[in-house]
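K.L.:
With full-length UniProt numbering applied, the sequence shown closes on residue 590, and no number is skipped along the way.
Just passing along the structure, written as structure tokens.
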Amino acid sequence: MQPKAKIRLGDLLVQNNIITEEQLMQALSAQRESGRKLGAVLVEQKFVSEHELLTFLSQHLNVPLINIPEYRVQPESVKLLPEVQARRYRAIVLDDKEDHLLVGMSDPADINAVDALSALLSKPLKLAVVSQAQLFDAYDSFYRRTEEIASFAQELAEEYQNEDEFDFTSGLESEQDTAVARLLQSIFEDAVQAKASDIHIEPDEGLLRIRQRVDGVLQETIIKEKNIASALVLRLKLMSGLDISEKRLPQDGRTQVRIKGHTVDVRLSTMPVQNGESVVMRLLDQSAGLLTLDQTGMPGPVLRRLRILLQRPHGMILVTGPTGSGKTTTLYGAMSELNKPDTKIITVEDPVEYRLPRINQVQINNKIDLTFSNVLRTTLRQDPDIIMVGEMRDTETVEIGLRGALTGHLVLSTLHTNDAISSAIRLLDMGAPGYLVASSLRAIIAQRLVRRICDNCQVEYTPNEEEMFWLKNIDATANTATFKKGAGCQSCNQKGYRGRLGVFELLEMTEPMMDALKSSDTVAFSKAAQNSPGYSPLAKVALSYAKLGFTTVEEVLRLVEMVADSEGKVDRELAPEETEHKEGGVDGSV
Numbered sequence: 001m002q003p004k005a006k007i008r009l010g011d012l013l014v015q016n017n018i019i020t021e022e023q024l025m026q027a028l029s030a031q032r033e034s035g036r037k038l039g040a041v042l043v044e045q046k047f048v049s050e051h052e053l054l055t056f057l058s059q060h061l062n063v064p065l066i067n068i069p070e071y072r073v074q075p076e077s078v079k080l081l082p083e084v085q086a087r088r089y090r091a092i093v094l095d096d097k098e099d100h101l102l103v104g105m106s107d108p109a110d111i112n113a114v115d116a117l118s119a120l121l122s123k124p125l126k127l128a129v130v131s132q133a134q135l136f137d138a139y140d141s142f143y144r145r146t147e148e149i150a151s152f153a154q155e156l157a158e159e160y161q162n163e164d165e166f167d168f169t170s171g172l173e174s175e176q177d178t179a180v181a182r183l184l185q186s187i188f189e190d191a192v193q194a195k196a197s198d199i200h201i202e203p204d205e206g207l208l209r210i211r212q213r214v215d216g217v218l219q220e221t222i223i224k225e226k227n228i229a230s231a232l233v234l235r236l237k238l239m240s241g242l243d244i245s246e247k248r249l250p251q252d253g254r255t256q257v258r259i260k261g262h263t264v265d266v267r268l269s270t271m272p273v274q275n276g277e278s279v280v281m282r283l284l285d286q287s288a289g290l291l292t293l294d295q296t297g298m299p300g301p302v303l304r305r306l307r308i309l310l311q312r313p314h315g316m317i318l319v320t321g322p323t324g325s326g327k328t329t330t331l332y333g334a335m336s337e338l339n340k341p342d343t344k345i346i347t348v349e350d351p352v353e354y355r356l357p358r359i360n361q362v363q364i365n366n367k368i369d370l371t372f373s374n375v376l377r378t379t380l381r382q383d384p385d386i387i388m389v390g391e392m393r394d395t396e397t398v399e400i401g402l403r404g405a406l407t408g409h410l411v412l413s414t415l416h417t418n419d420a421i422s423s424a425i426r427l428l429d430m431g432a433p434g435y436l437v438a439s440s441l442r443a444i445i446a447q448r449l450v451r452r453i454c455d456n457c458q459v460e461y462t463p464n465e466e467e468m469f470w471l472k473n474i475d476a477t478a479n480t481a482t483f484k485k486g487a488g489c490q491s492c493n494q495k496g497y498r499g500r501l502g503v504f505e506l507l508e509m510t511e512p513m514m515d516a517l518k519s520s521d522t523v524a525f526s527k528a529a530q531n532s533p534g535y536s537p538l539a540k541v542a543l544s545y546a547k548l549g550f551t552t553v554e555e556v557l558r559l560v561e562m563v564a565d566s567e568g569k570v571d572r573e574l575a576p577e578e579t580e581h582k583e584g585g586v587d588g589s590v
């Protein structure tokens with residue numbers, strides 16, 4: 001169904017008392033400056049909600065309003081319209097009927113776009129109005145690069161039969177190099193589109209695996225042309241400035257790629273494995289900007305207490321958790337708030353992940369003995385107010401950091417431990433004197449990332465008997481709560497999860513805890529920490545999120561297992577009645 005005449009959306013909204021004339025004038029002025037569509041400007045300025053606008057368009061144009069995640073969209077139908085044209089005209093083919101195509105558009109009143117789509121597609125169009133946000137999510141979901149990657153891989157494999165034939169000695173403009181570049185570009189584009197944090201390239205016997213870590217979980221693509229693995233590794237080594245002749249030792253490098261106007265930092269690590277070299281790449285979108293502390297998802301009470309701690313002139317604050325738990329994001333968020341003209345901040349990192357103005361950032365280089373401890377000694381002579389140490393890796397670094405915190409500096413750092421309580425004990429295990437830990441340590445933040453339930457396919461979930469046993473051990477009131485899970489839909493690629501959520505616990509040092517640390521009494525310290533006011537362990541915080549419908553029982557139990565198994569507290573093989581599991585602390589708030 002095609003509109004017969006140009007519709008002046010703003011005038012119609014005023015006539016129907018949805019916006020005022022004054023609001024329309026303001027929106028038109030903003031539209032002339034930005035060049036964006038009027039509807040997007042009205043929504044952005046909160047003169048009208050997106051749902052109100054879409055409902056109005058649906059009724060006025062007499063076209064259906066479709067919720068894409070709930071509609072059974074066929075991938076074959078979507079691909080009738082090339083991605084470039086779909087994004088250009090803000091449209092998607094939702095269904096391929098016998099006599100027409102159902103096309104969703106964010107602005108079905110755009111006559112020029114409708115005419116262009118009619119010329120591109122082979123059947124008459126029936127229009128529907130859809131949310132622009134849902135439209136962009138659908139693009140990322142349906143227009144994946146898997147087929148393109150397979151095609152480029154096959155093309156490259158056909159250009160040489162023996163992987164030993166492949167080299168770049170003839171120059172970087174060879175046909176083989178062009179094919180490798182196209183393949184890698186597709187791999188990077190697909191990863192960025194899927195919002196992957198890491199790319200794994202793993203040669204196996206007879207095939208090549210390309211895996212992406214999305215929301216903390218690996219997703220796998222199989223490429224049968226295993227002989228192209230060495231070509232990919234070689235190209236990546238060249239891009240990262242690594243030694244292309246060295247295949248027997250691990251190497252680390254860094255490069256940048258440009259994906260759809262975004263600059264993406266790539267941290268690369270190679271490792272020799274049985275069938276060649278494995279490559280893992282960590283992706284950091286520099287153009288996306290740093291998250292602030294408000295954007296980390298830290299609960300209000302924890303955030304307020306942390307901000308008070310950050311204003312203190314000296315002491316050490318540790319952020320702990322396993323690799324990939326968001327420790328660096330939290331530290332950078334804290335430094336962004338502290339970064340002022342009257343404050344000198346020096347960081348010692350390996351590697352420097354984000355470049356920050358006004359902050360003196362030092363990159364560790366062990367090859368020339370530029371180690372954490374050596375740099376930290378010099379840092380203390382540079383008159384800093386705040387020092388950020390990327391990681392407390394050894395006893396020497398720990399002691400220098402603690403002494404720096406004791407002598408008038410605010411020291412921020414990370415530690416690879418499982419929770420806040422074990423972090424202080426870990427410092428003692430690393431050889432730091434108890435009196436020094438007690439005098440310098442101010443607070444510890446432990447954090448994890450759990451997967452968030454997809455908003456579009458939430459359904460109620462009843463835990464089974466074993467799950468409820470573990471939940472009640474975390475919180476006795478768990479049996480009265482209502483839980484949810486994701487049923488799986490197009491938006492979440494049938495996974496039931498979409499995005500991740502930070503789970504935080506904050507432990508502030510109290511007099512009983514400091515007394516226990518001074519005497520290196522770890523048992524007394526643990527008891528004092530569990531009984532300290534305001535402390536809520538990770539498990540209870542995660543469970544509170546599950547009660548609110550943010551995450552699932554599965555994710556809560558996965559987090560509990562990660563923390564407790566490492567401490568020898570839980571054996572999931574034992575029957576519930578044979579296992580004793582105790583959890584201290586008070587209820588957390590979200």
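Glycine is no exception: its CB is placed at the ideal position from the N, C-alpha and C atoms.
Going by other Cβ atoms of all chains shown within 10 Å of its Cβ, with 16 needed for buried, is residue 119 buried or exposed?
P.N.:
Its Cβ having fewer than 16 others within 10 Å, residue 119 is exposed.
K.L.:
Would residue 107 be called buried (16 or more neighbouring beta carbons within 10 Å of its own) or exposed?
P.N.:
The residue in question, residue 107, is buried, as its Cβ has 16 or more Cβ neighbours within 10 Å.
K.L.:
Any idea if residue 241 is buried or exposed, counting beta-carbon neighbours within 10 angstroms, 16 or more meaning buried?
P.N.:
Classification for residue 241: exposed.
K.L.:
Only counting the same chain, and skipping five residues up and downstream in sequence, which positions put a Cβ closer than 7 Å to that of residue 322?
P.N.:
Here the set comprises 416.
K.L.:
Based on the DSSP secondary-structure assignment, which residues constitute the bridge partners of residue 282?
P.N.:
Per DSSP, 198 and 267.
K.L.:
Assign residue 409 to buried or exposed, taking buried as 16 or more other Cβ atoms, counted over all protein chains shown, within 10 Å of its Cβ.
P.N.:
Burial call: buried.
K.L.:
Use the C-beta contact count for residue 482: other C-beta atoms within 10 angstroms, 16 or more gives buried, fewer gives exposed.
P.N.:
Exposed, since its Cβ has fewer than 16 Cβ neighbours within 10 Å.
K.L.:
So what does DSSP say about residue 461, is it helix, strand or coil?
P.N.:
In this structure, residue 461 counts as strand in the three-state DSSP scheme.
K.L.:
Is it the case that the Cβ atoms of residue 48 and residue 19 are separated by a distance below 8 Å?
P.N.:
Yes, the Cβ-Cβ distance between residue 48 and residue 19 is below 8 Å.
K.L.:
Would you check if the distance between the CB atom of residue 508 and the CB atom of residue 538 is smaller than 8 Å?
P.N.:
Not closer than 8 Å, so no.
K.L.:
Quick check on the DSSP output: the beta strand (DSSP E) that includes residue 456 runs from which residue to which?
P.N.:
Residue 456 -> no beta strand (DSSP E), and no H or E assigned at all.
K.L.:
Rounding to the nearest angstrom, what Cα-Cα distance links residue 444 and residue 319 in this structure?
P.N.:
Approximately 6 Å between the Cα atoms of the pair.
K.L.:
Return the first residue and the last residue of the alpha helix (DSSP H) that residue 523 is part of.
P.N.:
Per DSSP, residue 523 belongs to the alpha helix (DSSP H) from 522 to 530.
K.L.:
Quick one: measure Cβ to Cβ for residue 292 and residue 333, integer angstroms, because I've assumed they're closer than 8 Å.
P.N.:
Rounded, the Cβ-Cβ distance is 5 Å, consistent with contact.
K.L.:
Could you tell me whether the Cβ atoms of residue 427 and residue 398 are closer together than 8 Å?
P.N.:
Yes, they are a contact pair.
K.L.:
Quick check: the Cα distance between residue 154 and residue 223, rounded to an integer number of angstroms?
P.N.:
If I take the Cα positions, the gap works out to 9 Å.
K.L.:
Under 8 Å between the Cβ atoms of residue 270 and residue 250?
P.N.:
Yes, Cβ-Cβ distance for residue 270 and residue 250 is below 8 Å.
K.L.:
Please work out which residues of its chain come closer than 7 Å, Cβ to Cβ, to residue 220, disregarding the five sequence neighbours upstream and downstream, and give them in chain order.
P.N.:
These residues qualify, in order along the chain: 209 and 211.
K.L.:
Hey, out of 226, 388 and 21, whose CA is closest to residue 353's CA?
P.N.:
If we check each option's Cα against that of residue 353, 388 comes out closest.
K.L.:
Using 10 angstroms around the beta-carbon of residue 11, count the other beta-carbons present and answer buried if the total reaches 16, otherwise exposed.
P.N.:
Answer is exposed; the Cβ neighbour count stays below 16.
K.L.:
Let's test the definition: count the other Cβ atoms within 10 Å of the Cβ of residue 261 and tell me whether it reaches 16, buried, or not, exposed.
P.N.:
Residue 261 is exposed by the Cβ-count criterion.
K.L.:
In terms of residue numbering, what span does the alpha helix (DSSP H) encompassing residue 400 cover?
P.N.:
First-last of the alpha helix (DSSP H) with residue 400: 395 to 406.
K.L.:
Could you check the C-alpha separation between residue 24 and residue 41 for me, to the nearest Å?
P.N.:
Near 10 Å, if we compare the C-alpha coordinates of residue 41 and residue 24.
K.L.:
How about residue 266 and residue 258: are their beta carbons less than 8 Å apart?
P.N.:
Going by C-beta atoms, residue 266 is not nearer than 8 Å to residue 258.
K.L.:
So what does residue 315 bridge to, in DSSP terms?
P.N.:
DSSP output for residue 315 lists 410 as bridge partner(s).
K.L.:
How about residue 413 and residue 401: do their beta carbons lie closer than 8 Å?
P.N.:
Yes. Within cutoff.
K.L.:
For residue 13, collect the residues of the same chain with a Cβ closer than 6 Å to its Cβ; drop the 5 residues on either side in sequence, then sort them by chain order.
P.N.:
Taken in chain order, the residues that qualify are 19.
K.L.:
Would you report the Cα separation of residue 162 and residue 232, rounded to the nearest angstrom?
P.N.:
In this prediction, residue 162 has a pLDDT of 49, which is less than 50 and means its spatial position is unreliable; what the coordinates show is noted afterwards. Each residue's Cα considered, the two are about 14 Å apart.
K.L.:
Among 404, 60, 510 and 282, whose alpha-carbon lies nearest the alpha-carbon of residue 351?
P.N.:
For the residues 404, 60, 510 and 282, the minimum Cα distance to residue 351 belongs to 282.
K.L.:
How is residue 434 classed by DSSP in three states: helix, strand or coil?
P.N.:
Three-state result, residue 434: helix.
K.L.:
Quick one: is residue 69 buried, meaning 16 or more other Cβ sit within 10 Å of its Cβ, or exposed?
P.N.:
It counts as buried.
K.L.:
Report the residue from 228, 246, 132 and 518 whose alpha carbon sits nearest the alpha carbon of residue 179.
P.N.:
Per the Cα distances, 228.
K.L.:
Residue 173 to residue 327, Cα distance in whole Å?
P.N.:
Here residue 173 scores only 48 on pLDDT, less than 50, and its place in the model is too uncertain to base an answer on.
K.L.:
On the DSSP bridge assignment, give the partners of residue 277 in chain order.
P.N.:
DSSP output for residue 277 lists 272 as bridge partner(s).
K.L.:
Taking the straight line between their C-alpha atoms, what separation do you get for residue 348 and residue 379?
P.N.:
Going from the Cα of residue 348 to the Cα of residue 379 covers about 9 Å.
K.L.:
Using only the alpha-carbon positions, how far apart do residue 459 and residue 499 sit?
P.N.:
About 17 Å.
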